[in-house]
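The block underneath contains the structure these notes are about, expressed in structure tokens.
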Amino acid sequence: MAAAQKSLEDFEPQKTPKRNKFAFACAVLASMSSILLGYDVGVMSGAVIYIKRDLKLTDVQIEILVGIINLYSLIGSCLAGRTSDWIGRRYTIILAGAIFFTGAILMGFSPNYPFLMFARFIAGIGIGYALMIAPVYTTEVSPPSCRGFLTSLPEALKMKKRGKKMMWMLLVAQVFINGGILLGYISNYGFSKLPLHLGWRTMLGVGAIPSVILAVGVLAMPESPRWLVMRGRLGEATKVLNKTSDSKEEAQLRLADIKAAVGIPESCNDDVVQVAKQTKGEGVWKEFFLYPTAAVRHILIAALGIHFFQQASGIDAVVLYSPEIFKKAGLESDAEQLLATVAVGFSKTVFILVATLLLDRVGRRPLLLTSVAGMVLSLLTLGASLTIIDHSRAVLKWTIGLSIATVLSYVATFSIGAGPIAWVYSSEILPLRLRAQGAAMGVVVNRVTSGVISMTFLSLSNKITIGGAFFLFGGIAMCGWIFFYTMLPETQGKTLEEMEGSFGKFGAWANPTHNAEIQLAN
């Protein structure tokens, strides 16, 4: 009788567990730290108009002021890893907010260019801390159901749990970054009517507000259970897992997984235990550079290449210098330029949300290729329209409208594919044993390329005209499309174990016969 009852229970549909709202709130709040980077990027695009007038700066000084924060943030990211292992994930997020708060306040009170550069250094360190620690904390504190729900999309719940959590975390971060950019643009427009010496300082100083909200909110969040286990504090970790899991059983399973990863025997259940020091993973670098297999070499090229082309196609030139582009296009007043820039931020934010709907329905490869093709068309059309304006004595209204439309279409096509997919794809193709170091290299390539583009755009435009600069970006994006077509296989629906087997044969997946064979094999 009991056996029959058990078999009947096995056939009953499983009830969807109630999601843990507390864990969800913690994960979203931690992800909000991405707003710090977004706001800084957005607000600087308009603030530099008034900084240049007030402090009498050259184009080169403006370029360095705008772009150097990418390099500063790398310093913060490098420091954040060790800091978070020392004081914990939670207090590292608070530290990130405090550092950025200090930088924003200093920027708001900057009397001259050297002081402003110093303030940018402080803010950049804070941004680097936030960008590194937020995804770590979010991943470690969230139960599986909450990880999927972070997108607010039911499709997330239908996907395989393993490997998918990272994709949605990255997408959430992208949404907050773009939301921060939009807030920065709105701040530019809102404070543009203030006196010259006060307007740009207010724009930059207001950036301290999100960091305060973040730091105060984090005080109500628990410490990462993984960090607690790494410190041997099993009793505290168990309490946190019970609070952030959907059930007691899930909490026990999560604790067992963490203990196994850290190297604590399963039978060890004391509240405080000794934990052996873990290796630093020196062998990973040898596998990457000294003894890579064909698959690992291919994965590394794909992961770094997608980050390079994402930034080398000029997205930060458009995002950071939109007012200057619209000025060259024929919008004369600051208000018109800043209002058009707000439209850029709105377009970018809306289409990153569209990307979350399409990414797992369409697949990475088709969406990326379509996105980059749209970027190429937009960049070449923008270059042509700006060149016509540059060589025309009369005011051509249609070229002004075309320039604005192509800027909007460029950021839209970027956000729907190349923007989020660069982060999602590069993270999911890396084998678990190589992921930390591989992801770090991807971030370095991304930020350095962004810094080079943003610190050279004005000088490049002066040398080859602004239209010529966008023709160049269009050519780079075209090379990127060829790279993606020949080097990047589809990863949709594959487990982490299957990923590595998809690499090592360059261009084979572009062959329809090969694709058919793979489908039959699966």
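Per our numbering, the very first residue in the sequence shown carries number 211; after that it's consecutive. We put the beta carbon where it would ideally sit given N, CA and C, even for glycine.
How is the alpha helix (DSSP H) around residue i delimited, first residue to last?
i	result
Y301	299-318
M697	676-697
F519	504-522
I639	No alpha helix (DSSP H) contains I639, which DSSP labels as neither H nor E.
H601	Per DSSP, H601 belongs to no alpha helix (DSSP H) and is neither H nor E.
E350	323-351
S243	Taken as a continuous stretch (DSSP letters only), S243 belongs to no alpha helix (DSSP H), as it is neither H nor E.
L463	458-472
G611	607-623
T701	Segment: none, T701 is in no alpha helix (DSSP H) and carries neither H nor E.
S421	418-428
L406	406-415
Based on the DSSP output, what are the partners of residue i in its beta bridges?
i	result
V482	R443
Taking C-beta to C-beta, are residue i and residue j nearer than 8 Å?
i	j	result
S671	L548	no
L644	F498	yes
A622	F561	yes
Y339	L289	yes
Y620	V528	yes
L500	G652	no
E350	M665	no
L589	G684	yes
Q799	I663	For residue 799 there is no data in the structure shown, the boundaries of the chain being 211 and 732.
I303	A257	no
I639	A512	yes
V617	S523	no
I474	V482	no
G390	S244	yes
W691	L579	yes
V426	H517	no
S287	V382	no
For residue i, which residues in the same chain have their Cβ closer than 7 Å to its Cβ, ignoring the five residues on either side in sequence?
i	result
I332	I309, T312, G313, L316
V564	I626
F232	K453, T454
H407	D264
G573	E700, Q702
V385	I562, L563
I525	F624
G291	M342
V416	S397
V346	S294, R299
V472	V439, M440, V485
Give every residue of the same chain whose Cβ lies closer than 6 Å to the Cβ of residue i, excluding the five residues on either side of it in the sequence, and list them in chain order.
i	result
K370	The predicted position of K370 is uncertain, since its pLDDT is 44 and thus under 50; no value can be drawn from it.
Q271	none
S581	T623, I626, G627, A628
L612	S595
S320	L326, A329
A172	Residue 172 lies beyond the residue range present for the chain, which begins at 211 and ends at 732; the question has no answer from this structure.
S712	P699
Among residues of its own chain, excluding the 5 on either side of residue i, which ones have a beta-carbon nearer than 8 Å to its beta-carbon?
i	result
L281	G334, R657, V658, G661
I686	F519, A522, S523, G524
N479	L444
A466	E476
Alpha helix (DSSP H) runs wholly inside the segment 530-573, at least 4 long, in chain order = Within the segment 530-573, the complete alpha helix (DSSP H) runs of at least 4 residues fall at 532-539, 544-572.
Please list the segments of the beta strand (DSSP E) lying wholly inside the segment 258-301, counting only runs of 3 or more residues, in order along the chain.
-> Listed in chain order, there is nothing to give.
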